[in-house]
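One structure below.
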Amino acid sequence: MMGIDNDLVRSQIKPNDDHSKPDTSGGTGKAATSYFTKAEISSLLQRFDSNEDGDLSKEELRNIFKSLGSSCASLRARLALHSVDKNGDGYINKEERDKLINYVLKRGYSHH
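Numbering-wise (this note's numbering), the sequence shown opens with residue 1 and increments by one.
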């Protein structure tokens with residue numbers, strides 16, 4: 001009868017070097033997806049309002065969607081304007097921001 005080679009077993013066990021992070025992968029080995037929150041998106045909208053006028057232009061929207069990881073940021077900016085810009089002025093104003101935040105949340109952007 002063969003015994004267990006303890007040295008071999010120990011060499012195959014990899015220590016968890018970051019004990020502060022629980023395994024949230026569900027056994028897949030991949031990290032759980034972390035989606036942007038309403039507060040984070042609101043902060044992005046403020047940060048990308050480059051001229052600080054309170055309105056978001058199509059270019060500013062493109063930069064927002066690019067920062068969120070959209071592969072088609074220009075298209076997403078046009079679609080967002082079409083969906084959210086109710087007064088048709090080509091900008092997302094302060095009154096339309098909550099609708100824009102909800103629009104972004106529905107698309108499920110996650111942290112990279």
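All C-beta atoms in this analysis are idealised placements derived from N, C-alpha and C, irrespective of residue type, glycine included.
At which residues does the alpha helix (DSSP H) containing Lys106 begin and terminate? If you look at Lys106, you'll find it in the alpha helix (DSSP H) that goes Arg97 to Arg107.
Margin query: Can you look up Ser110 in the DSSP assignment and give me helix, strand or coil?
Written below: For Ser110, the secondary structure class from DSSP, reduced to helix, strand or coil, is strand.
Where Leu56 falls: helix, strand or coil (DSSP) = Strand, per DSSP.
- Shortest alpha-carbon distance to Leu45 belongs to which of Arg62, Ser34 and Arg107? For Leu45, the nearest C-alpha among the options comes from Arg62.
Check your understanding: Along the chain, where does the alpha helix (DSSP H) that runs through Leu79 open and close?
Key -> For Leu79, the uninterrupted alpha helix (DSSP H) segment begins and ends at Ala73 to Val84.
Span separating the alpha-carbon of Leu56 from that of Glu40 = Straight across, the Cα-Cα distance linking Leu56 with Glu40 is about 16 Å.
Look at the alpha carbon of Ser50 and the alpha carbon of Glu59, and state the distance between them as a whole number of angstroms. As the crow flies, the alpha-carbon of Ser50 is around 10 Å from that of Glu59.
What is the C-beta distance between Tyr103 and Ala80, in whole angstroms, given that I count them as a contact (C-beta under 8 Å)? Confirmed, about 6 Å.
* Asked: Can you tell which of Asp53, Ala32 and Ile64 has its C-alpha closest to the C-alpha of Ser43?
  -> Considering only alpha carbons, the answer is Ile64.
Next on the checklist: For Ser74 and Ser67, I'd like the C-alpha separation in whole angstroms.
Outcome noted: Approximately 12 Å between the Cα atoms of the pair.
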